[in-house]
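The next block holds one structure in the form of structure tokens; read it before the comments.
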């Protein structure tokens with residue numbers, strides 16, 4: 030029996046000397062009475078230097094107040110305490126350690142000492158903090174982007190009223206530029222974060238290989254944190270963040286397309302790109318809410334060439350027509366029962382086609398709202414005329430849209446509508462701009 034006990038003692042002594050975890054024994058006054066080589070490597074003090082030094086020797090003053098309740102729990106409640114806090118090394122550097130602290134008792138239930146296992150987790154904690162900061166920034170950009178778009182739409186109304194469309198273009202382009210800067214930072218951090226994770230898991234694997242039978246408390250901690258789940262979930266989390274970044278980049282690119290500043294002369298432009306960008310900027314308004322299901326957008330795009338035009342002004346026309354269609358469907362759905370909405374959900378159908386003589390593009394934006402009474406249709410494009418509730422319409426959008434299409438581009442803008450069957454706005458746009466203003 031004595032030989033067996035001696036063998037166990039020798040093994041324990043070997044593990045204490047060889048483990049990369051700091052093993053520290055404290056007396057009841059929390060002064061060091063034993064200190065293994067790993068503790069010397071982590072904190073910089075030799076066993077002789079640290080002997081009988083109080084816990085405050087390796088804990089900063091701010092942390093001391095935080096750990097006092099833990100020390101009381103060890104002495105009075107006699108239970109194992111797990112914590113993570115900042116520690117001070119001999120050279121004055123600050124590190125972050127995870128601690129497992131356990132009181133030890135004799136046969137008479139008298140406390141002999143307190144044993145602590147400590148691990149330097151500074152690199153891991155810093156990596157986690159960077160990940161959290163990146164995720165927080167990503168979430169912040171995602172949640173504020175819709176607010177930015179709504180603010181831009183409000184700015185649009187004011188700028189249209191004062192005929193300062195170029196100022197809106199500058200505003201949107203500037204916002205897109207500011208969004209792209211932090212996006213580059215976030216995108217650049219994803220790959221290093223993955224590499225750091227691989228390094229950390231490689232280190233854990235190496236430790237597990239050389240120490241296949243960790244201390245019971247260490248094994249318990251591994252099971253509690255579910256290391257295998259973390260190994261699988263963290264890369265997925267980063268990939269999800271990466272997809273979110275790509276999504277914001279797409280929205281930012283749409284902002285840039287939407288905000289194209291018009292030069293003195295018309296330029297070649299893909300109308301369908303302009304429509305797609307406008308739809309993306311209005312996506313938050315297409316989502317379902319308390320009064321209606323999500324609005325379906327159906328695109329019937331034909332094979333049409335680019336047109337020579339003032340792209341920024343056309344994008345404003347698309348914004349006006351699509352926003353009007355959404356406003357109409359919002360109001361129409363309030364009057365419809367749920368059964369009717371399920372059979373005939375709100376829709377916007379966008380169609381583009383090349384004319385038979387191949388000299389112009391035909392574009393239509395159709396909704397399945399309430400329609401417009403025939404006696405009102407002739408007034409729709411009049412200055413300051415609106416069918417919307419007070420405070421919801423300016424009566425300028427369609428007037429300026431017709432001016433852009435007919436006077437700046439030599440095209441046509443008109444509508445067809447029937448009560449109970451919805452409204453269609455149609456545009457005929459020549460491939461070569463004819464400025465009649």
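Residue numbers (the numbering used here): 30 to 466. Cβ atoms here follow ideal geometry from the backbone N, Cα and C, with glycine treated the same way.
Which class does residue i belong to by DSSP, given the choice of helix, strand or coil?
| i | result |
| --- | --- |
| residue 441 | strand |
| residue 392 | strand |
| residue 73 | coil |
| residue 451 | strand |
| residue 347 | helix |
| residue 96 | helix |
| residue 339 | coil |
| residue 48 | coil |
| residue 89 | coil |
| residue 216 | helix |
| residue 24 | Here the chain has residues from 30 to 466 only, and residue 24 is not among them. |
| residue 462 | coil |
| residue 382 | strand |
| residue 399 | coil |
| residue 125 | strand |
| residue 320 | coil |
| residue 108 | coil |
| residue 333 | coil |
| residue 311 | coil |
| residue 22 | Residue 22 is absent from the structure shown; the chain starts at 30 and stops at 466. |
Would you mind sorting residue i into buried or exposed? The rule is 16 or more other CB atoms within 10 Å of its CB.
| i | result |
| --- | --- |
| residue 396 | buried |
| residue 94 | exposed |
| residue 147 | buried |
| residue 165 | exposed |
| residue 427 | buried |
| residue 438 | buried |
| residue 398 | buried |
| residue 134 | exposed |
| residue 213 | exposed |
| residue 431 | buried |
| residue 409 | buried |
| residue 463 | exposed |
| residue 295 | buried |
| residue 345 | buried |
| residue 461 | exposed |
| residue 433 | buried |
| residue 407 | exposed |
| residue 367 | exposed |
| residue 65 | buried |
| residue 227 | exposed |
| residue 16 | Outside the displayed range of the chain (30 to 466) lies residue 16, so it cannot be described from this structure. |
Rounded to a whole number of angstroms, what is the C-alpha to C-alpha distance between residue i and residue j?
| i | j | result |
| --- | --- | --- |
| residue 62 | residue 121 | 22 angstroms |
| residue 35 | residue 250 | Low per-residue confidence applies at residue 35: pLDDT is 49, beneath 50, and the placement is therefore not dependable, though the value from the model is reported in the following sentence. Going by the C-alpha atoms only, they are around 29 angstroms apart. |
| residue 256 | residue 229 | 12 angstroms |
| residue 365 | residue 355 | 15 angstroms |
| residue 176 | residue 168 | 13 angstroms |
| residue 331 | residue 451 | 23 angstroms |
| residue 363 | residue 319 | 10 angstroms |
| residue 234 | residue 115 | 26 angstroms |
| residue 394 | residue 267 | 40 angstroms |
| residue 411 | residue 405 | 10 angstroms |
| residue 261 | residue 224 | 14 angstroms |
| residue 259 | residue 231 | 14 angstroms |
| residue 276 | residue 342 | 26 angstroms |
| residue 51 | residue 98 | 22 angstroms |
| residue 70 | residue 244 | 20 angstroms |
| residue 74 | residue 150 | 18 angstroms |
| residue 161 | residue 248 | 27 angstroms |
| residue 252 | residue 236 | 16 angstroms |
| residue 137 | residue 102 | 20 angstroms |
Going along the chain, which residues of its own chain have a beta-carbon closer than 7 angstroms to the beta-carbon of residue i, five neighbours each way excluded?
| i | result |
| --- | --- |
| residue 242 | none |
| residue 335 | 297, 298, 299 |
| residue 100 | 59 |
| residue 304 | 347, 379 |
| residue 171 | 273, 277 |
Using C-beta distances below 8 angstroms, list every residue in its chain close to residue i, excluding the 5 sequence neighbours before and after it, in chain order.
| i | result |
| --- | --- |
| residue 402 | 448 |
| residue 140 | 57, 104, 107, 132, 133, 134 |
| residue 67 | 48, 49, 50, 51, 52 |
| residue 357 | 396, 398, 399, 452 |
| residue 112 | 96, 99, 127, 128, 130 |
Which residues in the same chain as residue i place their Cβ atom closer than 6 angstroms to its Cβ, once the five residues preceding and following it in sequence are excluded?
| i | result |
| --- | --- |
| residue 329 | 380 |
| residue 163 | 215, 218 |
| residue 333 | 381, 383, 390 |
| residue 454 | 350, 394, 444 |
| residue 54 | 62, 63, 142, 144 |
| residue 154 | 125 |
Could you tell me whether the Cβ of residue i comes closer than 8 angstroms to any Cβ of chain B?
| i | result |
| --- | --- |
| residue 95 | The structure shown contains no chain B; it holds only a single protein chain. |
Contained alpha helix (DSSP H) runs [length at least 4] in the segment 226-282, N- to C-terminal order: 245-254
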